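Sequential numbering of the sequence shown, starting at 5, is according to my numbering.
Where a beta carbon is used, it is the ideal one built from N, C-alpha and C, also for glycine.
In this text, all values refer to a predicted model and were calculated from it rather than measured experimentally.
To start, the structure itself, in structure tokens.
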Amino acid sequence: MQTILNIDKHLLSQAEQFAKQQHTDLNHLVERLLRHYLNQELPKSTVSLPMSGYGGLVSGVDGLSNKSMYEAADSDS
Numbered sequence: 005m006q007t008i009l010n011i012d013k014h015l016l017s018q019a020e021q022f023a024k025q026q027h028t029d030l031n032h033l034v035e036r037l038l039r040h041y042l043n044q045e046l047p048k049s050t051v052s053l054p055m056s057g058y059g060g061l062v063s064g065v066d067g068l069s070n071k072s073m074y075e076a077a078d079s080d081s
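As structure tokens, then:
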């Protein structure tokens with residue numbers, strides 16, 4: 005399959021030199037590097053959510069009423 009890519013000329017030059025050092029062509033080098041990159045397991049990141057000691061809704065907002073929630077959201081913007 006053929007695909008056209010726009011690659012920075014300096015990066016392409018480095019890749020061509022590296023392929024030559026590895027005794028391969030640019031096509032095989034790109035395939036090998038893509039496979040290697042895509043087969044790596046990504047580190048699982050954790051998300052820290054800010055916590056406050058306060059809870060609940062703003063006074064006057066009924067959490068069981070969609071209309072009340074929408075009105076409260078609209079009033080913030």
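Close-in-space but distant-in-sequence residues of the same chain around residue i (CB under 7 Å, 5 per side omitted)
i, result
"ALA23", "ASP29, LEU30, LEU33"
"LEU16", "none"
"PRO47", "none"
Alpha-carbon spacing of residue i relative to residue j, whole angstroms
i, j, result
"GLY59", "TYR41", "44 Å"
"LEU9", "HIS27", "22 Å"
"ASP12", "THR50", "34 Å"
"GLN25", "PRO54", "50 Å"
"ALA79", "LEU68", "The identity of residue 79 in the sequence shown is Ser, whereas the question assumes Ala. Their Cα atoms are separated by approximately 18 Å."
"GLU35", "SER52", "37 Å"
Under 8 Å between C-beta atoms of residue i and residue j
i, j, result
"MET73", "VAL65", "yes"
Same chain, Cβ closer than 8 Å to residue i, five either side skipped, listed in chain order
i, result
"GLN21", "none"
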